[in-house]
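In the working numbering, the protein residues as written are 1084 to 1429.
By construction, the Cβ of each residue, glycine as well, lies at the ideal position given by its N, Cα and C atoms.
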Amino acid sequence: MINIGIIGYGYWGPNLVRNFAETPSIQVAAVADLDPKKLAVVQRRYPTVKTTTDHRDLLADPHIDAIAIATPVSTHFELALAALRAGKHVWLEKPMTETSEQAARLIDEAQKRKLVLLVDHTFIYTGAVAKMKEIIQSGDLGQVYYYDSIRVNLGLFQRDVSVISDLAVHDFSILDYLLGEHPVAVAANGTNHFPGTPENLAYVNLFYDSGTIAHTSVSWLAPVKVRQILVGGSKKMITYDDLEPSEKVKVYDKGVSFTDDPEKIQEMRVGYRTGDMWAPKLPLTEALSVESAHFADCIANGKTPMTDGQLGLRVVEIIEASHKSMRRKVRRNGETINIESRGKAA
Ligand SMILES: NC(=O)c1ccc[n+]([C@@H]2O[C@H](COP(=O)([O-])OP(=O)(O)OC[C@H]3O[C@@H](n4cnc5c(N)ncnc54)[C@H](O)[C@@H]3O)[C@@H](O)[C@H]2O)c1
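Okay, structure coming up:
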């Protein structure tokens, strides 16, 4: 049985506590939050769980094996470092840290102490993304030409991070998992419509050595909620609509082919293929539940998480490069920034 303490019971923390509480090999031991009103909610829902406004109580508790951190990004590095130094396994919310240097330091600390460090890139544990990976790996999609995503709504404006760190981060982790490749360059445009706040709208392009090109459009200032991804391959194409209750993923046997036949050189050489569409059956298990069981398995059996510190670091590198491109002075923003990776390859 793994005893876990959770730091941060704001918007996301309650989802973690609920899923940990339902995982057979995990026991929720304590929750820390600066706000006593949030702790009162914990006491009502989970009367046996200890609560505290001081996260150091969790780090000092010898019965606690692991710490989950669901606080604002600006606090991730200090809290995770303190937890690792206290000998605890760590579940860290996305994005892992504010800088890639901090991410690399946490990886070192975890490695040195032989502790599990999982970064909560939740989408990797969804049935939809697992199915997309399976289809790409099987070769059914052919060469991946492009990935195009839109992730917009009238969102929760964050105070400490841009919309890239909040929303595009999901695409960066999904791309890392699907392609098994780190982008070599990034170009991003974006803006904040309200002075003194982080960017609330951004368009990010990612370039890969294999030739795949990716784009994500993210915003907290849209009248409707859209969560859609298109993946275009040389043989088939996929759509993923996360708001669809069922049939989230659809595979289309559509595409084009060009002929080199010299006889047809004067004609249009393009042929269109419009075959069937199918919607694969997806498991209904909540991603956090799968991830929580995986975290316990990694701790119990010394395994490396699917979303380990290295994945977390690669994602932070893409965020950093996107910010660098987006934050260049007027007329230079959107310039292509090369990514020099300090992390291990995907
Ligand atoms: N994986 C996902 O899909 C997903 C979704 C939403 C949020 N998140 C991540 O979860 C984290 C938290 O986001 P949120 O939206 O829940 O934020 P939030 O502001 O709603 O909640 C953060 C909570 O942390 C508490 N807190 C801050 N510092 C603390 C400290 N030192 N000790 C104890 N409590 C402290 C605050 O009082 C607050 O209740 C962020 O990193 C965010 O990116 C991940």
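For ligand 1, any of its heavy atoms closer than 7 Å to the Cβ of residue i?
i	result
PRO1119	no
GLU1176	yes
LYS1363	This sequence places Pro at residue 1363; Lys is not what is there. No - ligand 1 has no heavy atom lying nearer than 7 Å to the Cβ of PRO1363.
TYR1092	yes
ASP1148	no
ALA1186	no
PRO1266	no
GLY1395	no
GLY1088	no
PRO1281	no
HIS1298	no
ALA1153	yes
GLY1096	yes
THR1274	no
ALA1285	no
THR1357	no
VAL1334	no
VAL1246	no
Starting from residue i, follow the alpha helix (DSSP H) in both directions and report where the run begins and ends.
i	result
ASP1162	Note that residue 1162 is Leu in the sequence shown here, rather than Asp. Looking at the DSSP string, the run of the alpha helix (DSSP H) that includes LEU1162 is 1159-1168.
ASP1140	1139-1143
VAL1124	1119-1128
LEU1367	No alpha helix (DSSP H) contains LEU1367, which DSSP labels as neither H nor E.
Using C-beta distances below 7 Å, list every residue in its chain close to residue i, excluding the 5 sequence neighbours before and after it, in chain order.
i	result
ALA1404	VAL1269, ILE1420 and ILE1422
LEU1262	VAL1227, TYR1291 and THR1295
VAL1244	VAL1156 and PRO1281
GLU1346	none
ILE1219	VAL1227 and LEU1261
LYS1331	ALA1211, TYR1323, ASP1324, ASP1325 and LEU1365
ASP1359	ASP1336
SER1375	ASN1102, PHE1103, THR1106 and ILE1109
Grouping DSSP H, G and I as helix and E and B as strand, with all else coil, what is residue i?
i	result
TYR1208	helix
VAL1269	strand
ASP1380	helix
ARG1188	helix
GLU1176	strand
TYR1228	strand
ASN1098	helix
SER1221	coil
ASP1391	strand
HIS1146	coil
ALA1153	coil
LYS1133	strand
LEU1396	helix
VAL1246	helix
HIS1298	strand
ARG1414	coil
For the beta strand (DSSP E) containing residue i, name the first residue and the last one.
i	result
ARG1310	1304-1316
TYR1355	1353-1361
LEU1200	1200-1203
ASP1336	1332-1341
MET1320	1320-1324
ALA1115	1109-1115
ILE1422	Looking at the DSSP string, ILE1422 is not in any beta strand (DSSP E), and its letter there is neither H nor E.
VAL1252	It is not in any beta strand (DSSP E) - VAL1252 instead sits in the alpha helix (DSSP H) that spans 1252-1262.
VAL1287	1284-1290
GLY1088	1085-1090
Please name the residue, chosen from the options, that lies closest to residue i on a Cα-to-Cα basis.
i	options	result
TYR1355	TRP1361, LEU1371, LYS1364 and ASP1336	ASP1336
SER1183	MET1320, ASN1272, HIS1406 and GLU1418	HIS1406
MET1320	PRO1107, GLU1369, ILE1150 and GLY1225	GLY1225
MET1215	ALA1379, THR1299 and VAL1314	VAL1314
VAL1124	VAL1100, THR1106 and ARG1139	VAL1100
ARG1410	GLU1327, ASN1275 and SER1340	ASN1275
ILE1085	GLU1418, LYS1195, VAL1301 and ASN1384	ASN1384
GLY1392	SER1329, ASN1416, THR1131 and ARG1188	ARG1188
ASN1288	PRO1266, SER1372 and ILE1152	PRO1266
In chain order, what residues of the same chain lie with their CB nearer than 6 Å to the CB of residue i, ignoring the 5 residues before and after it?
i	result
ASN1236	ALA1305 and LYS1308
THR1342	ARG1352
CYS1381	VAL1199 and PRO1388
GLY1088	ALA1112, ALA1113, LEU1141, ILE1147 and ILE1150
PHE1160	THR1180 and GLN1185
Closest Cβ-Cβ distance between residue i and chain C: below 8 Å?
i	result
VAL1332	Absent from the structure is chain C; it holds one protein chain and no more.
Please work out which residues of its chain come closer than 8 Å, Cβ to Cβ, to residue i, disregarding the five sequence neighbours upstream and downstream, and give them in chain order.
i	result
SER1256	LYS1177, HIS1204, PHE1206, ILE1207, THR1390, LEU1394 and VAL1398
TRP1361	LYS1333 and VAL1334
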